[in-house]
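Peer 1: Counting along the sequence shown from 1, when you hit position 221 you're at 221 in the UniProt record's numbering, and nothing is skipped either side. Structure incoming, see below.
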Amino acid sequence: MISAEASSSFLPEINQKTQKSQSWSRMKSPQRSSSKDNQLLSIKEIARFRGSVKQQVCVEMLEEGFHRSFSELFSLMRLDCERRALADPSSLLRVHTPLEEQPDKLQVLREHLSRSELAERTASRSVACDQRQLLAQFFSSTEDSWLSVHFYHSCAERGGSRAATEAQACLAELYLQQGDLQRSLQQAELCVGQADDGGALRRRGELLLIRTLTQMAKSLLDQKQHNEALTLLRRAHDIATDIGEKQMEGEASCLLGVAYQSAGNRDMANQFFNSCLQTYNTLQDADGLVRANLARAESLQRQGLIEETIQCLEELIKMCQSNAMQDKLADVCLCLGVLYYNKVTHTHRHTHMYLFLCGIATGDRHQPYMSA
Numbered sequence: 001m002i003s004a005e006a007s008s009s010f011l012p013e014i015n016q017k018t019q020k021s022q023s024w025s026r027m028k029s030p031q032r033s034s035s036k037d038n039q040l041l042s043i044k045e046i047a048r049f050r051g052s053v054k055q056q057v058c059v060e061m062l063e064e065g066f067h068r069s070f071s072e073l074f075s076l077m078r079l080d081c082e083r084r085a086l087a088d089p090s091s092l093l094r095v096h097t098p099l100e101e102q103p104d105k106l107q108v109l110r111e112h113l114s115r116s117e118l119a120e121r122t123a124s125r126s127v128a129c130d131q132r133q134l135l136a137q138f139f140s141s142t143e144d145s146w147l148s149v150h151f152y153h154s155c156a157e158r159g160g161s162r163a164a165t166e167a168q169a170c171l172a173e174l175y176l177q178q179g180d181l182q183r184s185l186q187q188a189e190l191c192v193g194q195a196d197d198g199g200a201l202r203r204r205g206e207l208l209l210i211r212t213l214t215q216m217a218k219s220l221l222d223q224k225q226h227n228e229a230l231t232l233l234r235r236a237h238d239i240a241t242d243i244g245e246k247q248m249e250g251e252a253s254c255l256l257g258v259a260y261q262s263a264g265n266r267d268m269a270n271q272f273f274n275s276c277l278q279t280y281n282t283l284q285d286a287d288g289l290v291r292a293n294l295a296r297a298e299s300l301q302r303q304g305l306i307e308e309t310i311q312c313l314e315e316l317i318k319m320c321q322s323n324a325m326q327d328k329l330a331d332v333c334l335c336l337g338v339l340y341y342n343k344v345t346h347t348h349r350h351t352h353m354y355l356f357l358c359g360i361a362t363g364d365r366h367q368p369y370m371s372a
């Protein structure tokens with residue numbers, strides 16, 4: 001039988017052990033909670049890791065509160081899928097990797113779209129435009145040109161900043177490269193209208209305007225719409241003259257000569273051809289002079305004026321010889337040889353032209369050219 005003293009000394013020992021055990025349990029409890037938190041974080045990370053890149057980027061944008069940016073990105077990915085689905089089976093578009101499977105591009109889009117949205121929240125329109133312009137420049141490859149056009153448009157539509165006006169110039173250039181001349185003209189006119197007088201952007205827009213008008217006029221000339229072509233060319237010529245762009249003024253004068261020649265107005269044609277030659281002479285542009293004379297000869301030939309064409313080409317041969325332009329010389333001689341061949345009265349001249357061309361091909365510079 002255990003005595004009371006022994007019992008009293010025994011019980012506290014048990015109590016002490018119990019207290020220590022409870023204390024130890026309380027000390028361990030926070031560690032178990034912390035371990036659980038760590039486990040939850042790792043589950044979240046694993047879920048992201050297992051998800052697609054598209055899902056990760058979209059979730060990040062939504063978690064950070066950039067809902068408009070998320071909507072725009074999602075729309076672009078959907079548009080990319082639609083473009084690929086509608087593309088011809090032989091189109092390169094079918095070979096390109098879908099946007100939603102390109103992590104680097106998606107991260108760039110997330111970053112700059114979010115910055116643009118944040119800037120708009122603080123009424124920093126110029127910063128928002130800058131971010132969109134950066135995106136347009138990033139997607140400059142042929143494969144991504146549709147994205148470049150999208151972001152330049154979204155930048156231009158915001159207006160009120162240099163970046164917006166510059167975006168219009170960039171759009172004009174992109175559309176010109178793609179052959180969409182009407183849209184190029186529209187954007188170039190908007191750029192000129194919004195840019196400051198005398199500024200670099202204004203001049204850039206005017207140069208794009210001249211190039212676009214010239215390309216449109218060439219297309220109209222091919223369709224024999226002479227009056228419409230003349231209207232555009234006169235406008236291009238006037239702009240080039242006003243801003244002192246002599247090279248473009250010379251090209252516009254040359255095309256005006258061709259247009260007037262095709263329309264049957266030989267006097268005006270000669271006036272502009274002579275103006276063109278004078279401009280290129282002032283610039284000491286031998287290549288320009290050759291191009292202008294070839295254009296004049298081709299125009300004369302189309303009108304059935306063969307003798308005048310032959311005379312023009314013979315003068316051009318002398319010009320090429322005096323400027324040591326052997327590559328151009330061969331082309332001109334070939335054109336002239338064909339004309340000689342088609343005219344019975346010039347059979348001996350055709351033979352001489354053949355010998356002259358052989359001399360050029362073999363590097364014989366001693367073979368003289370005789371126009372008579």
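We put the beta carbon where it would ideally sit given N, CA and C, even for glycine. Model, not experiment: these values are computed from the prediction.
Around the Cβ of E249, are there at least 16 other Cβ atoms within 10 angstroms (buried) or fewer (exposed)?
Peer 2: In the sequence shown, counting from the first residue as 1, residue 249 sits at position 249. The residue in question, E249, is buried, as its Cβ has 16 or more Cβ neighbours within 10 Å.
Peer 1: By Cβ distance, which residues of its chain are closer than 8 Å to M27, with the 5 residues on each side in sequence left out?
Peer 2: Taking the first residue of the sequence shown as 1, we reach residue 27 at position 27. Residue confidence is low: M27 scores 45 on pLDDT, short of 50, so the model does not pin down where it sits. No coordinate-derived value is stated.
Peer 1: At a cut of 8 Å, does the segment 129-141 reach the segment 155-167 through at least three beta carbon pairs?
Peer 2: Verdict: yes, contact present.
Peer 1: Consult DSSP for Q178 and reduce its assignment to one of helix, strand or coil.
Peer 2: Position 178 of the sequence shown, counted from the start, is the residue given in the question as residue 178. In this structure, Q178 counts as helix in the three-state DSSP scheme.
Peer 1: May I ask you to verify whether the segment 204-216 touches the segment 179-196, counting CB pairs closer than 8 Å and requiring at least 3?
Peer 2: The segment 204-216 is in contact with the segment 179-196.
Peer 1: Identify which residue in L230, S154, K224, L256 has its Cα closest to the Cα of E72.
Peer 2: Against the sequence shown, residue 72 aligns to sequence position 72. Ranking the options by Cα distance to E72, first place goes to S154.
Peer 1: Is V192 closer than 8 Å to L174 when the C-beta atoms are compared?
Peer 2: For the purposes of this step, residue 174 is taken as the residue at position 174 of the sequence shown. For the purposes of this step, residue 192 is taken as the residue at position 192 of the sequence shown. No, Cβ-Cβ distance for L174 and V192 is not below 8 Å.
Peer 1: For C81, count neighbouring Cβ atoms within 10 angstroms of its own Cβ and tell me buried if that reaches 16, exposed if not.
Peer 2: For the purposes of this step, residue 81 is taken as residue 81 along the sequence shown, with counting starting at 1. It counts as exposed.
Peer 1: Check the C-beta distance from V290 over to C335 and give it rounded, since I have them as a contact under 8 Å.
Peer 2: Residue numbering aside, residue 290 sits at position 290 when the sequence shown is read from its first letter. Residue numbering aside, residue 335 sits at position 335 when the sequence shown is read from its first letter. The Cβ separation is near 12 Å, so there is no contact.
Peer 1: To the nearest angstrom, how far is it from the Cα of A240 to the Cα of L106?
Peer 2: Mapped onto the sequence shown, residue 240 falls at position 240. Mapped onto the sequence shown, residue 106 falls at position 106. Cα to Cα, A240 sits roughly 43 Å from L106.
Peer 1: Can you tell me whether DSSP reads S253 as helix, strand or coil?
Peer 2: Position 253 of the sequence shown, counted from the first residue, corresponds to residue 253. DSSP places S253 in helix when its eight states are reduced to three.
Peer 1: Could you pull out every residue in the same chain whose Cβ sits closer than 7 Å to the Cβ of C276, ignoring the five residues on either side in sequence?
Peer 2: Here the question's residue 276 lines up with position 276 in the sequence shown. Answer for C276: G250, S253, C254, G257, A292, listed in chain order.
Peer 1: Let me check understanding here. Comparing Cα to Cα, which of T282, E307, L230 lies closest to A269?
Peer 2: Here the question's residue 269 lines up with position 269 in the sequence shown. It is L230.
Peer 1: Please report the distance separating the alpha-carbon of E100 from that of A136.
Peer 2: The residue you call residue 100 lines up with position 100 of the sequence shown. The residue you call residue 136 lines up with position 136 of the sequence shown. E100 and A136: Cα-Cα distance of roughly 18 Å.
Peer 1: Here's a check: name, in chain order, each residue in its chain whose Cβ is nearer than 8 Å to the Cβ of S299, leaving out the five neighbours to either side.
Peer 2: Here residue 299 refers to the residue found at position 299 of the sequence shown. Same-chain partners within the cutoff: G257, V258, Q261, S262, A269.
Peer 1: With a threshold of 8 Å on Cβ separation, who are the neighbours of R83 within its own chain once the five nearest residues in sequence on each side are excluded?
Peer 2: One-based indexing of the sequence shown puts residue 83 at position 83. The residues are L93, W146.
Peer 1: With P103 as the anchor, note down where its alpha helix (DSSP H) starts and where it stops.
Peer 2: Within the sequence shown, residue 103 is the residue found at index 103, counting from 1. Taken as a continuous stretch (DSSP letters only), the alpha helix (DSSP H) holding P103 covers 103-121.
Peer 1: Go ahead and pull the three-state DSSP assignment for F66.
Peer 2: Numbered from its first residue, the sequence shown carries residue 66 at position 66. The answer is coil: DSSP assigns F66 none of H, G, I, E or B.
Peer 1: Could you give the C-beta distance for I310 and L339, rounded to a whole number, given that I count them as a contact under 8 Å?
Peer 2: In the sequence shown, residue 310 corresponds to position 310, counting from 1. In the sequence shown, residue 339 corresponds to position 339, counting from 1. I310 to L339, Cβ: 6 Å. Contact.
Peer 1: Are E64 and S114 closer than 8 Å when you measure CB to CB?
Peer 2: Along the sequence shown, one-based indexing puts residue 64 at 64. Along the sequence shown, one-based indexing puts residue 114 at 114. Yes, these two residues count as a Cβ contact at 8 Å.
Peer 1: Check whether the Cβ atoms of A167 and L208 sit closer than 8 Å, and answer yes or no.
Peer 2: Within the sequence shown, numbered from 1, the residue matching residue 167 stands at position 167. Within the sequence shown, numbered from 1, the residue matching residue 208 stands at position 208. No, they are not a contact pair.
Peer 1: Does A156 come out as helix, strand or coil in the three-state DSSP assignment?
Peer 2: The residue labelled residue 156 in the question sits at position 156 within the sequence shown. In the structure shown, A156 sits in a helix (DSSP, three-state: H, G or I).
Peer 1: In terms of alpha-carbon separation, which member of P103, A87, H67 lies closest to V53?
Peer 2: Here residue 53 corresponds to residue number 53 of the sequence shown, with the count starting at 1. Closest by alpha carbon: P103.
Peer 1: Is the beta carbon of V332 closer than 8 Å to that of L313?
Peer 2: By one-based count along the sequence shown, residue 313 stands at place 313. By one-based count along the sequence shown, residue 332 stands at place 332. Contact: yes.
Peer 1: Which same chain residues, not among the five before or five after N281, have their C-beta less than 8 Å away from its C-beta?
Peer 2: Position 281 of the sequence shown, counting from 1, holds the residue named residue 281. Excluding sequence neighbours, N281 sits near L289.
Peer 1: Taking the alpha-carbon of R204 as reference, which of V95, E308, R296, E245 has the nearest alpha-carbon?
Peer 2: For this step, residue 204 is matched to residue 204 along the sequence shown. Comparing Cα positions, the closest option is E245.
Peer 1: Do E117 and S69 have their C-beta atoms within less than 8 Å of each other?
Peer 2: The sequence position of residue 117 within the sequence shown is 117, counting from 1. The sequence position of residue 69 within the sequence shown is 69, counting from 1. Going by C-beta atoms, E117 is nearer than 8 Å to S69.
Peer 1: Tell me whether L316 sits in a helix, a strand or coil according to DSSP, three-state version.
Peer 2: Counted from its first residue, the sequence shown places residue 316 at position 316. In this structure, L316 counts as helix in the three-state DSSP scheme.
Peer 1: Assuming R110 and E60 form a contact by the criterion Cβ under 8 Å, report the distance between their Cβ atoms to the nearest whole angstrom.
Peer 2: Along the sequence shown, read from residue 1 onward, the residue named residue 110 stands at position 110. Along the sequence shown, read from residue 1 onward, the residue named residue 60 stands at position 60. Between E60 and R110 the Cβ distance is about 7 Å, and since that is below 8 Å, they are a contact.
Peer 1: To test your reading of the DSSP string, which unbroken alpha helix (DSSP H) runs of 4 or more residues are found completely within the segment 165-235?
Peer 2: Counting only runs of 4 or more, we get 181-194, 200-222.
Peer 1: Could you tell me whether the Cβ atoms of A286 and N323 are closer together than 8 Å?
Peer 2: Counting from one through the sequence shown, the residue named residue 286 turns up at place 286. Counting from one through the sequence shown, the residue named residue 323 turns up at place 323. Yes, they are a contact pair.
Peer 1: Measure how close the beta-carbons of L201 and A169 come, nearest whole angstrom, since I'm counting them as under 8 Å.
Peer 2: As a first step, residue 201 must be located in the sequence shown, where it is residue number 201. As a first step, residue 169 must be located in the sequence shown, where it is residue number 169. Confirmed, about 6 Å.
Peer 1: For the putative contact between V108 and F138, defined by C-beta atoms under 8 Å, what is the C-beta separation to the nearest angstrom?
Peer 2: Locating residue 108 in the sequence shown gives position 108, counting from the first residue. Locating residue 138 in the sequence shown gives position 138, counting from the first residue. Right, their Cβ atoms sit about 6 Å apart.
Peer 1: Here's a check: name, in chain order, each residue in its chain whose Cβ is nearer than 6 Å to the Cβ of A87, leaving out the five neighbours to either side.
Peer 2: The residue you call residue 87 lines up with position 87 of the sequence shown. Closer than 6 Å at Cβ, skipping near neighbours: L93, R94.
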